[in-house]
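Asker:
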Amino acid sequence: MTETHATTTPDAEMFPPGRYGRRRAPGRRPTWLAALLLAVILAASTVLAVRLYRLYGDPDYDAQVITYTGITDTQILVDFQVTVPTGGSARFALRARSRDGAVVGRAEVQVAARPGEEQVSTRQLIRTRARPMIAEVVRCRAPG
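Counting from 86, one number per residue, gives the positions in the sequence shown under our numbering.
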């Protein structure tokens with residue numbers, strides 16, 4: 086006689102023993118594993134945030150391009166105003182770009198403020214390998 090749902094007990098195995106491998110009992114994952122994973126994610130996020138702040142987020146240093154003139158096939162003259170800590174100095178990276186957006190020249194300049202000054206206007210010549218259309222300040226940071 087074959088067994089049907091009516092003749093089996095609820096506790097009975099539905100599969101022949103040993104045929105489908107060992108069944109795992111339903112259980113919870115260890116809570117320490119979730120806590121460890123959360124701690125690793127938080128640590129990695131903190132390291133990334135600090136690194137990005139150091140690269141891009143220092144509000145003490147700022148630059149604004151006022152004008153660019155003297156455009157030829159080999160150069161562009163950039164006038165820009167920088168904000169640095171009072172009496173401090175900063176290093177600025179400039180780049181010149183052509184009409185199609187390609188970078189055609191780069192320059193790095195260090196600007197020092199006089200004691201009591203925070204804003205300094207300066208002029209920098211950028212040598213280029215093609216005709217530039219625009220010049221911009223890419224990065225501002227403390228010297229060193």
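Think of the CB as a built atom: it goes at the ideal place given N, C-alpha and C, for glycine as much as any other residue.
Being a predicted model, the structure only gives us computed values, none of them experimental.
#1: Using the three-state DSSP reduction, which class does A187 fall into: helix, strand or coil?
#2: For A215 and A181, I'd like the C-alpha separation in whole angstroms.
#3: Just to confirm my understanding: we take V188, look at its own chain, exclude 5 residues before and 5 after, and list those with CB closer than 8 Å. What are they?
#4: Going by DSSP, which residues form a beta bridge with V196?
#5: State the beta-bridge partners of L162 as determined by DSSP.
#6: Within 10 angstroms of its Cβ, does A220 collect 16 or more other Cβ (buried), or is it exposed?
#7: Measure the C-alpha to C-alpha separation of V222 and A197 and round it to an integer number of angstroms.
#8: Using only alpha-carbon positions, find the residue among A227, R208, R113 that is nearest to I161.
#9: Kindly indicate the opening and closing residues of the beta strand (DSSP E) around R226.
#10: Less than 8 Å separating the beta-carbons of S174 and P228?
#11: Indicate the three-state DSSP secondary structure (helix, strand or coil) for R136 in the structure shown.
#12: Tell me which same chain residues have a C-beta within less than 6 Å of the C-beta of D164, skipping the five on either side of it?
#13: Assuming R226 and Y146 are in contact, meaning their beta carbons sit under 8 Å apart, how far apart are those beta carbons, in whole angstroms?
Answerer: To lay it out plainly:
#1: Stepping through the sequence shown from its first residue, residue 187 is reached at position 102. A187: coil per DSSP, three-state reduction.
#2: Against the sequence shown, residue 215 aligns to sequence position 130. Against the sequence shown, residue 181 aligns to sequence position 96. Those two C-alpha atoms are separated by around 10 Å.
#3: Position 103 of the sequence shown, counted from the first residue, corresponds to residue 188. Answer for V188: R180, A181, R182, listed in chain order.
#4: Walking along the sequence shown from the start, residue 196 turns up at place 111. Residue pairing by DSSP places V196 opposite A175 in a beta bridge.
#5: Taking the sequence shown and counting its residues from 1, one reaches residue 162 at position 77. According to DSSP, which records beta bridges pairwise, L162 is partnered with T154, L210.
#6: Position 135 of the sequence shown, counted from the start, is the residue given in the question as residue 220. Classification for A220: buried.
#7: Within the sequence shown, the letter at position 137 stands for residue 222. Within the sequence shown, the letter at position 112 stands for residue 197. Approximately 16 Å, taken between the alpha carbons.
#8: Numbered from 1 along the sequence shown, position 76 holds the residue referred to as residue 161. Comparing Cα positions, the closest option is R208.
#9: Along the sequence shown, read from residue 1 onward, the residue named residue 226 stands at position 141. That run of the beta strand (DSSP E) goes 219-226.
#10: On the sequence shown, position 89 is the one that residue 174 refers to. On the sequence shown, position 143 is the one that residue 228 refers to. Yes, the pair counts as a contact, with Cβ atoms nearer than the cut-off.
#11: The residue labelled residue 136 in the question sits at position 51 within the sequence shown. Residue state, collapsed to three classes: helix.
#12: If you number the sequence shown from 1, residue 164 lands on position 79. Correct list, in chain order: I151, T152, R208.
#13: In the sequence shown, counting from the first residue as 1, residue 226 sits at position 141. In the sequence shown, counting from the first residue as 1, residue 146 sits at position 61. Between Y146 and R226 the Cβ distance is about 6 Å, and since that is below 8 Å, they are a contact.
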